[in-house]
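All you need for this note's numbering is the position in the sequence shown, starting with 1, plus 336. Backbone N, C-alpha and C define an ideal beta-carbon position, used for all residues, glycine too. Note that the structure is predicted; figures quoted are calculated from it, not measured. Notes follow the structure.
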Amino acid sequence: MREQIREYVLNLLADIASADTQLVLLLILVVTALIVVDAISAFARNKRKEAGISAKSGTVSIDGSKTLPVKKYVSEMQGLAGVPDAIISENGFIIPVERKPLARKIRDRYVAQLLVYMRLVEEFEGKRPPYGYLILGPNCRRFKIENTPERQAWLQKMIDEMREILAGAASKPAPHPVKCKKCSVRESCAHRIQPALVTVNAKQAAGTKNVN
Ligand code: SF4
Numbered sequence: 337m338r339e340q341i342r343e344y345v346l347n348l349l350a351d352i353a354s355a356d357t358q359l360v361l362l363l364i365l366v367v368t369a370l371i372v373v374d375a376i377s378a379f380a381r382n383k384r385k386e387a388g389i390s391a392k393s394g395t396v397s398i399d400g401s402k403t404l405p406v407k408k409y410v411s412e413m414q415g416l417a418g419v420p421d422a423i424i425s426e427n428g429f430i431i432p433v434e435r436k437p438l439a440r441k442i443r444d445r446y447v448a449q450l451l452v453y454m455r456l457v458e459e460f461e462g463k464r465p466p467y468g469y470l471i472l473g474p475n476c477r478r479f480k481i482e483n484t485p486e487r488q489a490w491l492q493k494m495i496d497e498m499r500e501i502l503a504g505a506a507s508k509p510a511p512h513p514v515k516c517k518k519c520s521v522r523e524s525c526a527h528r529i530q531p532a533l534v535t536v537n538a539k540q541a542a543g544t545k546n547v548n
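Right under this line is the structure:
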């Protein structure tokens, strides 16, 4: 009898030890799964933020995505083409999104690019987007750019000028000391502003001020 009790207790202890090990393993598995799910969610949240997608938006297209279709718009009618970084659906509209990861502030050329996408979205999706989004910088700051008639008229003026130049009209240079300094074609540009001239002019201006 004593032997039977001893054997029973030993078996019971073995079962408890075994159960504990399985419990610990289960806990490790659960915690690992939670960490992985959390990391995937954070990654997805970050990707949505980069693409300008809020919790209320639906994703239609992301350039470079392996799971979503990439929207490439080519309009023979308008003579325009473009691939927005993302297309989202929001408030019943198809909205283009353009991301500039290195940008610190809004530039005219970013706005012009987004306005072109808005024209293409209107033609191909059948509804005029009332706005688009620019996502700037590493922190993905989001700016809403309204699709106003004034902005579209500004874009049209630029497009008309570009077409005139392509048709043979003379281009009008717009040299700027800061832009020329960084410009990639400055060595072959006859209109560039020389840094030396800028310095001399600045010194002359400073000297004039001192005299006065
Ligand atoms: S170097 Fe020429 S093309 Fe470049 S910014 Fe200056 S004027 Fe414009």
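Anticipated Cβ contact below 8 Å, residue i with residue j, distance rounded
i: ILE424; j: LEU470; result: No, ILE424 and LEU470 are not in contact; Cβ-Cβ is about 13 Å, not under 8 Å.
i: ALA439; j: LEU472; result: 4 Å
i: PRO465; j: MET454; result: 5 Å
i: GLU459; j: MET413; result: 7 Å
Coarse secondary structure for residue i, derived from DSSP in three states
i: ASN548; result: Since pLDDT at ASN548 reaches only 36, below the 50 mark, its modelled position is unreliable, and the value read off the structure follows with that caveat. DSSP places ASN548 in coil when its eight states are reduced to three.
i: PRO432; result: strand
i: VAL406; result: coil
i: ILE442; result: coil
i: ASP374; result: helix
i: ARG487; result: helix
i: ASP351; result: helix
i: GLU412; result: coil
i: VAL366; result: helix
i: ALA505; result: coil
i: ILE529; result: coil
i: ARG342; result: helix
Sub-7 Å separation of residue i and residue j beta-carbons
i: ILE481; j: LEU450; result: yes
i: VAL419; j: LYS408; result: yes
i: ILE398; j: ALA369; result: no
i: GLU434; j: SER393; result: no
i: GLU416; j: VAL452; result: Per the sequence shown, residue 416 should be read as Leu rather than Glu. It is a contact, given that the beta carbons lie within the stated cut-off.
i: ILE431; j: GLY462; result: no
i: PRO513; j: ILE529; result: yes
i: PRO531; j: LYS517; result: yes
Ligand 2 heavy atom lying under 6 Å from the CB of residue i
i: LYS408; result: Judged by which ligands are present, ligand 2 is missing from the structure shown, whose ligands are ligand 1.
- Which residues, in chain order, sit with a beta-carbon under 7 Å away from any heavy atom of ligand 1? Near ligand 1, meaning a beta-carbon closer than 7 Å to one of its heavy atoms, we find PRO509, ALA510, PRO511, HIS512, LYS515, CYS516, CYS519, VAL521, ARG522, CYS525, HIS527, ARG528, ILE529.
- Query: Touch check for the segment 472–486 and the segment 518–532: three-plus C-beta pairs under 8 Å?
  - Reply: Between the segment 472–486 and the segment 518–532 there are fewer than three C-beta pairs closer than 8 Å, too few to call the two in contact.
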